[in-house]
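> Structure in structure tokens, see below.
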Amino acid sequence: MNNTNDQLIDLPVLTDEMIGLLETLSNIAGVSGNEIAVRSIIRDSITGFVDELHTDALGNLIALKKAKVEKPLKVLIAAHMDEVGFMLVEKESDGIFRFKVIGGIDERALAGKPVQVGKKQKPGVIGACPVHLSTREERERILSVDTLRIDTGPGTSEIQPGEYATFATKFIRMGQSVCGKALDNRIGVATLIELIKNCPENIELIAAFTAQEEIGLRGATVAPFRYDPDVAFVIDCTPANDQPAWDQSENTHYKTKLNQGPAIYASDGRTMYDHRLIRYLTSLCENYAIPYQIRQPGPGGTDAGAIHLSKNGIPTASVSVPGRYAHTAAMIVRIADWEKHFQLMTAALAHLHADILKADR
Amino acid sequence: MEEKTKIKEFLCEIISLPGISGYETPVTNAIAKAWEPFVDEVKVSKIGNLYGIKRGSPSKDGKPNKRLMLAVHMDGIGMVIAKISGELLYFAPIGGFDPRILPGQFVNIHSQKGDFPGIIVQLAPNLLSESYEGKPVPLDQLAIDTGLEEQMVKETFRVGDIISYANLPQELPTDCIAGHSLDNRASVAAVTQCLTELQHMRHSWDVFAVGTTQEETAFLGGATSPFDILPDLAIVIDVTFAKGPGADGWRTVALESGVSIGYGANLHPMLFAEIKQLCEQLDIPYTLSPQPLMSGTDADPIQITGAGVPTILLSIPLRYMHTPVEIISIKDVMRTGHLMAEFIARLSPDFTEKIVWEDEQ
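Chains as they are written, first to last, in the working numbering: chain Y, 1 to 361; chain E, 362 to 722.
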């Protein structure tokens with residue numbers, strides 16, 4: 001914050017409507033490559049607030065909100081809308097299907113879960129051998145996806161291979177937290193929808209709801225091409241492995257911590273982030289007294305990995321909401337962390353100007 | 362309403378209630394309410410067994426009626442808090458199950474402050490006693506995250522608080538239900554169906570519908586209830602392994618294949634033959650279930666109560682036993698209930714005299 005827009009704005013609070021929108025987004029299915037249901041909800045939510053809206057060849061939904069000034073700064077904000085899940089690949093017998101995992105789900109979290117299959121979210125389960133019929137040696141091995149099946153019950157002839165499935169998790173509130181499937185990254189989607197609605201007039205906002213992030217940042221690889229952004233922000237979820245260790249030793253590899261606010265990336269497995277943007281974001285946090293944390297550098301990544309390499313290069317920042325147990329049946333996020341993240345991104349748009357990118361790299 | 366729909370609704374109601382071994386009261390109350398209209402008397406024993414007593418027609422010779430006991434265990438498997446560390450709850454099992462089905466399960470924790478939701482989680486490898494790469498994480502290192510912060514966790518939970526599965530029933534096509542505790546609430550529903558049908562039938566024996574406690578841990582109800590009732594004959598109703606992914610071979614029968622009739626040392630051969638013949642006479646689909654040693658049901662303790670009780674074992678096929686996604690067919694539940702009602706209606710006052718061994722005939 002140097003020469004323009006120095007005056008602090010009023011920060012928004014997280015409303016029950018936003019949590020309600022997150023609930024809707026969490027409960028629907030949008031496995032990588034099949035983001036249709038999520039895209040429809042986003043389209044319904046932002047139509048009327050944007051000037052252009054396109055779905056591209058990979059299924060990215062890209063919205064343009066024009067500025068009310070000449071030669072505005074063109075800002076891309078990307079949030080992936082896909083989630084990890086399953087595809088039914090072979091019908092083995094009546095109602096029983098082989099399936100493959102789409103995205104990074106730990107095989108050890110599959111057995112014994114309810115799932116929902118296809119567009120109509122028909123019920124099914126991933127069963128497991130009764131404990132009475134397995135040996136101790138067998139129970140020392142993992143139940144691999146090749147041995148598990150999705151069971152939709154006898155007489156389900158309308159379900160066929162090719163359908164997608166997800167865990168059948170219903171979003172709930174848990175005290176100071178929310179819990180649901182696909183909070184990675186429907187939280188980012190819900191945030192971006194709000195940012196579009198309240199975007200400052202001096203900025204041209206390119207909002208990219210990207211597809212196929214979980215299977216190799218494929219949507220984000222093509223999303224920046226249409227509108228040529230000057231700068232990009234990626235909003236996502238990141239693991240908080242901040243629980244106590246089994247042996248009570250100091251937990252030094254926590255990635256991020258809950259209740260410490262938005263996680264700003266310095267570097268990860270794919271990206272060295274633009275430090276002018278990192279400084280911009282951290283100084284905003286300090287001026288607004290928004291708690292923040294730097295995600296511990298290390299493996300992993302976000303859509304930034306593809307976006308910063310686009311065209312002739314795009315200065316890019318990543319800001320994530322810390323959360324536990326991503327890519328399982330249920331993730332836990334502190335509501336306060338989401339709110340602080342939303343506030344930081346709102347402030348980031350409000351004070352953003354071209355001079356930030358004129359500083360030395 | 363159709364009887365089948367009524368039973369399905371009742372079954373969904375009782376598998377949505379907690380009833381962990383030793384803590385059966387919520388489910389006991391619901392079952393008592395369902396049985397009340399169909400019986401002359403409802404009682405709960407001092408250790409929690411539920412007795413629904415339906416008297417037979419008074420005998421012509423003034424002798425007391427013979428007594429038939431229909432035993433179904435009401436309890437289900439669950440967990441208990443064993444340790445609290447930071448905001449995490451560690452737990453021990455109640456009853457036997459395969460820990461590999463646990464990561465990602467929704468549970469309810471029954472604290473003195475009320476019921477709280479939680480999820481069973483597998484922590485990051487660096488937080489475990491060893492990384493468990495490619496191996497199941499042992500049960501004692503799985504934890505429950507309630508989404509509550511440490512202070513709140515400290516104030517809310519105690520070691521010893523009971524934990525039950527929280528996933529709700531899923532209705533599958535062709536009258537199948539998926540959910541937890543179908544072992545043995547499906548059999549409770551079968552007894553309820555039997556009592557329903559007996560409303561329109563005459564019978565000379567007194568019928569004691571018994572919901573037993575703690576079958577999964579100590580056979581407490583099965584071992585104690587016969588002393589309250591002094592039955593002349595007992596039918597034990599439980600579930601058996603249905604064929605499906607992970608379950609095949611001589612211990613399994615097909616889902617939807619009807620009543621499975623147990624035979625072996627734990628069951629009386631004459632009664633086995635009688636039941637089998639009745640199935641054929643009534644055209645009720647059935648399978649045979651060999652029990653070379655003990656059946657592992659309440660029939661084990663009931664048979665050896667007092668001077669010995671002639672015992673029948675009827676089983677309902679169930680997939681994925683002791684997981685939260687067990688599957689049963691309502692058709693099999695109805696058939697089991699119907700078979701018992703028909704058997705009871707045919708019991709003559711002198712039937713016990715006919716329970717003789719082959720070499721004595």
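Using N, Cα and C, we set each Cβ at its ideal position, and we do this for glycine too.
Remember, predicted model here, so these are calculated numbers, not experimental data.
(1) In the stretch 233-271 of chain Y, which residue ranges form an unbroken beta strand (DSSP E) of at least 3 residues, counting only runs that do not cross its ends?
(2) When the Cα atoms are used, what is the spatial distance from E:G623 to E:L674?
(3) Using a Cβ-Cβ cut-off of less than 8 Å, list which residues of the stretch 125-147 of chain Y approach chain E; keep chain order.
(4) Report the CB separation of Y:D230 from Y:K100 in whole angstroms; it is logged as a contact under 8 Å.
(5) Have a look at Y:E92 and Y:L148 and give me their C-alpha separation to the nearest angstrom.
(6) Consider the Cβ of Y:G175: report whether some Cβ of chain E lies at a distance smaller than 8 Å.
(7) Which of helix, strand or coil does DSSP assign to Y:I215?
(8) Does the distance from the CB of Y:L192 to the CB of Y:A211 come in under 8 Å?
(9) Who pairs with Y:I126 in a beta bridge, going by DSSP?
(10) In chain order, what residues of the stretch 476-496 of chain E put their CB closer than 7 Å to some CB of chain Y?
(11) Between E:G583, E:Q560, E:A570, which lies nearest to E:P662 when the distance is taken from Cα to Cα?
(12) Output needed for Y:M1: all residues of its chain with C-beta closer than 7 Å, excluding positions within five of it in sequence on either side, in chain order.
(13) Note down, in chain order, all residues in the stretch 583-611 of chain E with a beta-carbon under 7 Å from any beta-carbon belonging to chain Y.
(14) Between E:D506 and chain Y, is the shortest Cβ-Cβ distance under 8 Å, so that the two count as touching?
(15) Which bits of chain E does Y:T156 rub up against, with CB to CB less than 7 Å?
(16) Note down, in chain order, every chain E residue with its Cβ under 9 Å from the Cβ of Y:D151.
(17) In chain order, what residues of the stretch 453-465 of chain E put their CB closer than 7 Å to some CB of chain Y?
(18) Given this structure, state the Cα-to-Cα distance separating E:L649 from E:I381, to the nearest angstrom.
(19) Helix, strand or coil: which one does DSSP assign to Y:N3?
(20) Check E:Q652 in the structure and name its three-state DSSP category.
(21) Along the chain, where does the alpha helix (DSSP H) containing Y:Y280 start, and where does it finish?
(22) Looking at E:V686: is its Cβ nearer than 8 Å to the Cβ of Y:P114?
(23) In its own chain, which residues sit with a C-beta less than 7 Å from the C-beta of E:F518, not counting the 5 before and 5 after it?
(24) Just by C-beta distance, which residues in the stretch 220-254 of chain Y are closer than 7 Å to chain E?
(25) Establish whether the CB of E:L372 and some CB of chain Y are separated by less than 8 Å.
(26) Report the three-state DSSP secondary structure of Y:A79 (helix, strand or coil).
(27) Which residues mark the beginning and the end of the alpha helix (DSSP H) in which E:V487 is found?
(28) For a contact meaning CB atoms closer than 9 Å, what does Y:G162 contact in chain E?
(29) Given a limit of 7 Å on CB to CB distance, which residues of the stretch 422-455 of chain E reach chain Y?
(30) Please list, in chain order, all residues of the same chain as E:D439 whose beta carbon is under 6 Å from its beta carbon, the five residues on each side excluded.
(31) Between the Cα of Y:Q243 and those of E:Q502, E:P425, E:V571, E:Q554, spot the shortest distance and give me the residue it belongs to.
(32) Do you know offhand how far Y:S249's Cα is from E:L489's?
(33) For Y:T135, count neighbouring C-beta atoms within 10 Å of its own C-beta (all shown protein chains included) and say buried if the count is 16 or more, exposed if not.
(34) Examine the Cβ distances between the stretch 458-466 of chain E and the stretch 613-623 of chain E and report whether three or more of them are shorter than 8 Å.
(35) Within its chain, find whatever has a CB closer than 8 Å to the CB of Y:V31; leave out the 5 residues flanking it on each side and keep chain order.
This is what the structure holds:
(1) Entirely contained in the stretch 233-271 of chain Y, the beta strand (DSSP E) runs reaching 3 residues are, in chain order, 263-265.
(2) Roughly 5 Å separates the two Cα atoms.
(3) For chain E, the residues of the stretch 125-147 of chain Y that bring a beta carbon within less than 8 Å of one of its beta carbons are V125, I126, G127, A128, C129, P130, V131, H132, L133, S134, R139, E140, R141, I142, L143, T147, in chain order.
(4) With a Cβ gap of about 40 Å, Y:D230 and Y:K100 do not count as contacting.
(5) C-alpha separation (whole angstroms): 12 Å.
(6) Chain E contact via Cβ: present.
(7) DSSP, reduced to helix, strand and coil, places Y:I215 within a helical segment of the structure shown.
(8) No; because the gap between Cβ atoms is not below 8 Å, this pair is not in contact.
(9) In the DSSP assignment, Y:I126 forms a beta bridge with Y:K113, Y:I150.
(10) So the list reads P478, I480, V482, Q483, L484, A485, N487, L488, L489, S490, G495, K496, given in the order they occur along the chain.
(11) Checked all of E:G583, E:Q560, E:A570; the closest Cα to E:P662 is E:G583.
(12) Low confidence applies here, because Y:M1 scores a pLDDT of 46, under 50, leaving its location unreliable; read the following figure in that light. Hits under 7 Å: S283, L284, N287, H351.
(13) Taking a C-beta cut-off of 7 Å against chain Y, the contacting residues of the stretch 583-611 of chain E are F602, G605, P606, G607, A608, listed in chain order.
(14) E:D506 counts as touching chain Y.
(15) Result: P534.
(16) L533, A539, G605, P606, R680, Y681, V686, I688, listed in chain order.
(17) Answer set for the stretch 453-465 of chain E: G457, F458, D459, R461, I462, P464, G465.
(18) If you draw a straight line from the Cα of E:L649 to the Cα of E:I381, it comes to about 30 Å.
(19) Residue confidence is low: Y:N3 scores 41 on pLDDT, short of 50, so the model does not pin down where it sits. No coordinate-derived value is stated.
(20) DSSP, reduced to helix, strand and coil, places E:Q652 outside both helices and strands of the structure shown, so it counts as coil.
(21) Run containing Y:Y280: 275-288, per the alpha helix (DSSP H) assignment.
(22) Contact: yes.
(23) The answer, listed in chain order, is I442, I445, L450, I470, S472.
(24) Residues N241, Q243, P244, A245, W246, D247, N251, H253.
(25) No - not a single Cβ of chain Y is within 8 Å of the one on E:L372.
(26) Assignment of Y:A79 by DSSP, reduced to helix, strand and coil, places it in the strand class.
(27) Residue identity check: residue 487 of chain E is Asn in the sequence provided, not Val. Careful: E:N487 lies outside any alpha helix (DSSP H) and carries neither H nor E.
(28) Ordered by position in chain E, no residue passes the 9 Å Cβ test against Y:G162, which lies about 19 Å from the chain.
(29) Listed in sequence order: S446, G447, L449.
(30) A quick correction: the sequence has Gly, not Asp, at residue 439 of chain E. I381, I455, I524, S525, listed in sequence order.
(31) Comparing C-alpha distances from Y:Q243 to each of E:Q502, E:P425, E:V571, E:Q554 shows the shortest one belongs to E:Q502.
(32) Between Y:S249 and E:L489, the C-alpha separation is close to 11 Å.
(33) Under this definition Y:T135 is an exposed residue.
(34) Taking a cut-off of 8 Å on C-beta distances, the stretch 458-466 of chain E does not touch the stretch 613-623 of chain E, as fewer than three cross pairs fall below it.
(35) If we look at Y:V31 and ignore the five residues flanking it on each side, its Cβ neighbours are D82, E83, V84, G85, F86, M87, I102, G103, Y164, A165, T166.
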